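Participant:
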Amino acid sequence: MKTIARKPYRRRGPWGFTLLEVILALAILLTSLAAIGQLVYNAYRNAARVRDLTRAQLIAEAILAQLNAGALPLETVADAPVEDIDDTVEPGWLYTVDIAPLELDGLLGVQVIVAQDPSVVAHPVQYSLTQWMLDPTMEFTQPGEEESAAATSTSSGESGAASSETLNE
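Here it is, written out as structure tokens:
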């Protein structure tokens with residue numbers, strides 16, 4: 001007698017996803033889209049902040065260069081608009097210059113602070129740059145000037161031969 005092999009019973013019904021699987025997939029998709037949207041917003045906000053900080057740094061360096069060159073007076077200034085000294089900068093930037101003498105005679109600590117105007121920008125950025133500068137009111141003599149002045153006053157009538165001291169290392 002022959003035995004007939006039977007195929008396992010399969011349920012013949014509609015193939016596809018259940019409603020629960022579709023809702024779960026949509027929930028995962030929407031959560032992922034919301035997270036990606038938040039990441040894009042944070043990246044945009046951080047890029048704008050970095051752009052403003054870079055602009056503030058460039059403005060501070062320009063003001064410090066003008067102070068070094070003497071184009072701006074070396075005096076304390078508080079919350080002055082940058083547009084007064086630089087026409088190329090858009091409105092809404094303020095600068096402060098603080099000058100403080102240092103422990104060493106003849107040196108000044110010059111701090112330039114550039115910030116966005118809080119009345120114009122909701123979240124203003126601020127950048128500070130400090131540099132030591134020579135005090136323009138002090139008179140400095142070069143090291144060679146003192147030696148040559150002393151040698152000229154002591155060598156009256158000599159043949160003009162000058163000696164220099166060197167350190168042996």
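Residue numbers (the UniProt record's numbering): 1 to 169.
C-beta: ideal position from N, C-alpha, C; glycine also.
Quantities reported herein were computed from a predicted structural model and do not represent experimental measurements.
Between the C-alpha atoms of L72 and Y127, what's the straight-line distance to the nearest angstrom?
Facilitator: Here the question's residue 72 lines up with position 72 in the sequence shown. Here the question's residue 127 lines up with position 127 in the sequence shown. The straight-line gap from Cα to Cα measures roughly 19 Å.
Participant: For I85, which of helix, strand or coil comes out of DSSP?
Facilitator: Counted from its first residue, the sequence shown places residue 85 at position 85. In this structure, I85 counts as coil in the three-state DSSP scheme.
Participant: Measuring only the C-alpha atoms, how far is H123 from T96?
Facilitator: In the sequence shown, the residue the question calls residue 123 occupies position 123. In the sequence shown, the residue the question calls residue 96 occupies position 96. Whole-angstrom Cα-Cα distance: 19 Å.
Participant: Can you tell me whether V40 is buried or exposed? The criterion is at least 16 other CB atoms within 10 Å of its CB, across all chains shown.
Facilitator: Taking the sequence shown and counting its residues from 1, the one referred to as residue 40 is at position 40. Exposed, since its Cβ has fewer than 16 Cβ neighbours within 10 Å.
Participant: Mind the definition here: the stretch 54-72 touches the stretch 21-34 only if three or more C-beta pairs lie below 8 Å; say whether that holds.
Facilitator: In short, these stretches do not touch, since the Cβ pair count stays below three.
Participant: Determine which residues share a DSSP beta bridge with V110 and list them.
Facilitator: Numbered from 1 along the sequence shown, position 110 holds the residue referred to as residue 110. Partner(s): I99 and Q131.
Participant: Measuring straight from C-alpha to C-alpha, what distance separates V77 and L104?
Facilitator: As a working mapping, residue 77 is identified with position 77 in the sequence shown. As a working mapping, residue 104 is identified with position 104 in the sequence shown. Spanning the two alpha carbons is a distance of roughly 23 Å.
Participant: What distance in whole Å lies between the Cβ atoms of V110 and Q131, which are believed to be in contact at a cut-off of 8 Å?
Facilitator: Counting from one through the sequence shown, the residue named residue 131 turns up at place 131. Counting from one through the sequence shown, the residue named residue 110 turns up at place 110. With 8 Å as the limit, Q131 and V110 qualify as a contact, their Cβ atoms being about 5 Å apart.
Participant: Can you round the beta-carbon distance between A60 and V112 to whole angstroms, since I take them to be within the 8 Å contact cut?
Facilitator: The sequence position of residue 60 within the sequence shown is 60, counting from 1. The sequence position of residue 112 within the sequence shown is 112, counting from 1. Rounded, the Cβ-Cβ distance is 5 Å, consistent with contact.
Participant: What residue range is occupied by the uninterrupted alpha helix (DSSP H) comprising V125?
Facilitator: Start at 1 with the first residue of the sequence shown, and residue 125 comes out as number 125. First-last for V125: undefined, no H or E at that position.
Participant: Is D105 helix, strand or coil by DSSP?
Facilitator: For the purposes of this step, residue 105 is identified with residue 105 of the sequence shown, where counting begins at 1. It is coil, neither helix nor strand.
Participant: Could you compute how far the alpha carbon of L58 sits from the alpha carbon of Q38?
Facilitator: Position 58 of the sequence shown, counted from the start, is the residue given in the question as residue 58. Position 38 of the sequence shown, counted from the start, is the residue given in the question as residue 38. The straight-line gap from Cα to Cα measures roughly 30 Å.
Participant: Can you tell me whether P5 is helix, strand or coil according to DSSP?
Facilitator: Sequence index remark: in the sequence shown, residue 5 carries index 5 (1-based). Going by the sequence as given, residue 5 is Ala instead of Pro. In the structure shown, A5 sits in coil (DSSP, three-state: anything other than H, G, I, E or B).
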